[in-house]
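Visitor: A single structure is presented below for examination.
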Amino acid sequence: MHFSIPDTQECKDDSGSSFTSYNMYINGVFHCSVRFRQLHQFHEQLKKEFGASSLPPFPPKKFLPLGPPQVEERRNMLEHYVQLVSQDTEIANSERFNGFLLSAQQETQKEEAERVTLDVFLMNGHKIVVNILSTDQTEDVLEKVASQIEIPDQYVYYFGIFLVRKEEGGDNSIVRKFQDFESPYISLKAANKEGVHRIVLRKSFWDSSFDDDLLDDKITMNLLYVQTVSDIERQWILATKDQLKHLATLNQKGSKKEYLRLTRTLKYYNYIQFRPCTTDYPNPNSRVLIAAGNKELNFRVQVDNQMKEGSFKITRMKCWRITTTFPDDQEEGSKDSKPNLELSFEYLMARDSLKWITITSEQAMLMSMSLQAMVDELIMKKQGRKFKKPSDRLKNPSRGVMRSGFSSNRQSSLPNGEDIMEENQNDEQSAINKAMGSMKKISDKLSKSSSKADNGLTENTAFEGIGDDDL
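Using the working numbering, read the sequence shown as starting at 431 and increasing by one per residue.
As structure tokens, then:
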């Protein structure tokens, strides 16, 4: 997760007293406004649960009113604190952590718990209406959708709910996957001021071998089928004319399993396609089509009037980061400023040769979350773990909101992803583990910087075949 606290605002409490509120963004989206004392109470709760030694230092209390320089210093320190805390897998997956953020969102949006209906769509436009509490968190909503359409419990978390935007041309683009620290109802309400967003149920795994688990159940097979037909129609999955003709024949016969088995052999099956954007590789300001899937970022870029294609494997990425940049001729915070989101990753081009690759895209955050999800799934498979089931969750309906801070008594039972390192692996496994061990996301502070690409990045070696021996 990418956390930032880019700004503050002055507010008044019920008694008319002024206080500073810190605006927290998660994965590039405004999530909540919190006071210093709420974050301090949250820190104390984390200390009781995880121990002081597992937490970074918290900004000290001040007994005198803070001037603008001190407020800015505290904002920077709080941002650094939440960034470090969120990078601890055990804490970030805990019910204490998610419960605090969920309650903070609820209070910020002044949303009282009430019975509401929520529309959740499939990729073919079919609508599922569920009755929920407006403050239900993501997993609660997913489980209610799954229960209503009778997805077997063991397959519920093979799927996820996503925020999708309808574009001007009529196509739908994925904005992000809902996380468990938020209420989908509140988040949709905040995002849908233009009325162009909706919630969509999609499969939530990257390794297509998991399809095999779903093909023998009628409900889950139909969900896969609906999504695959949609991806074929929008050309997220590429097929030749003969293959399309064969698929049409299978469709007419109602041979859904055969249809799915054929599409699994096609190019870009189980990939997410992003809108056209720019990259500094192989040349500065190169226009590129990017897709994420099969443990890689796939690039299709125009070079010397030719379309060249290459892939960047996640096991060769040492790290990546998200930054917000402003063109040289614009001032950060100005009325006309239009920041750019950048995803940069350090890539092992060949033995002992690392290079930074930068992508400028409004979907950079989704790309980053896709990378993280693929890494998490790879780790899960290497550990031999399975998708969780609804019965694995520890639920506490008594979670509440306190005006002096947000409370949550829910406990974590998820393992730490850093426990995957094992000795005496074979060469291929050692290479993967080495890459996984150094994998990290660096959450950069929102800052003013140049959006110009590095003119030195002109080589094209990433698009040449690099075998496992190069590792």
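All C-beta atoms in this analysis are idealised placements derived from N, C-alpha and C, irrespective of residue type, glycine included.
What is the DSSP secondary structure of Ser445, counted as helix, strand or coil?
Guide: Three-state result, Ser445: coil.
Visitor: Which partner residues does Ser741 have in the DSSP bridge list?
Guide: According to DSSP, Ser741 bridges with Asn728.
Visitor: Report the three-state DSSP secondary structure of Pro487 (helix, strand or coil).
Guide: coil
Visitor: Can you look up Arg694 in the DSSP assignment and give me helix, strand or coil?
Guide: coil
Visitor: Can you find the residues in the same chain that come closer than 6 Å, C-beta to C-beta, to Cys462, ignoring five residues on each side of it along the sequence?
Guide: Excluding five sequence positions before and after Cys462, the CB atoms of its chain that fall closer than 6 Å to its own CB belong to Met454, Ala534, Gln535 and Thr538, given in chain order.
Visitor: So, at 7 Å on beta carbons, what are the nonlocal neighbours of Ala543 in its own chain, with the 5 sequence-adjacent residues on each side left out?
Guide: Leu563, Ser564 and Thr565
Visitor: Quick one: any contact between the segment 597–614 and the segment 514–532, if contact means 3 or more CB pairs under 8 Å?
Guide: yes
Visitor: Helix, strand or coil for Tyr711 per DSSP?
Guide: coil
Visitor: For Glu594, I'd like the list of residues in its chain whose CB is within less than 6 Å of its CB, leaving aside the five on either flank, ordered along the chain.
Guide: Note on identity: in this sequence residue 594 is Val, with Glu being the wrong assignment. Only residues of its own chain outside the window of five on either side were considered, and among them Asn602, Ile604, Arg628 and Val630 have a CB closer than 6 Å to the CB of Val594, listed in chain order.
Visitor: Mapping DSSP to helix, strand and coil, what is Glu425?
Guide: In the structure as shown, the chain begins at 431 and stops at 901. Residue 425 is therefore absent and cannot be evaluated.
Visitor: Which of helix, strand or coil does DSSP assign to Arg664?
Guide: The answer is coil: DSSP assigns Arg664 none of H, G, I, E or B.
Visitor: Does the separation of the CB atoms of Val512 and Phe433 fall below 8 Å?
Guide: Taking C-beta atoms as the reference points, Val512 and Phe433 count as a pair closer than 8 Å.
Visitor: Could you check which residue in Lys574, Asp710, Ala522 and Ser716 has the C-alpha nearest to that of Val546?
Guide: For Val546, the nearest C-alpha among the options comes from Lys574.
Visitor: Expressed to the nearest angstrom, what Euclidean distance is found between the alpha-carbon atoms of Phe649 and Glu541?
Guide: Reading the sequence as shown, one finds Ile at residue 649 and not Phe. The straight-line gap from Cα to Cα measures roughly 34 Å.
Visitor: Contact defined as beta carbons within less than 8 Å: I believe Arg730 pairs with Met737. What is the distance between those atoms, to the nearest angstrom?
Guide: 6 Å
Visitor: Can you tell me which of Val560, Leu771 and Gly497 puts its alpha carbon nearest to the alpha carbon of Gly458?
Guide: Leu771
Visitor: Spatial neighbours of Asp643 within its chain, please: CB distance less than 6 Å, with the 5 preceding and 5 following residues excluded, ordered by chain position.
Guide: Shown here for Asp643: not one same chain residue has a beta carbon closer than 6 Å to its own, the five before and five after excluded.
Visitor: Kindly list the residues whose CB is nearer than 6 Å to the CB of Ala669, restricted to its own chain and excluding five residues on each side of it in sequence; keep chain order.
Guide: Close CB contacts of Ala669 within its chain, under the 6 Å cut and outside five residues either way in sequence, are with Leu696 (chain order).
Visitor: Among Glu688, Glu598, Phe527 and Thr788, which one has its Cα closest to the Cα of Tyr711?
Guide: Minimum Cα distance to Tyr711 is reached at Thr788.
Visitor: Shortest alpha-carbon distance to Asp641 belongs to which of Ser617, Leu485 and Lys687?
Guide: Lys687
Visitor: Rounded to whole angstroms, what is the Cα-Cα separation between Asp583 and Thr658?
Guide: 22 Å
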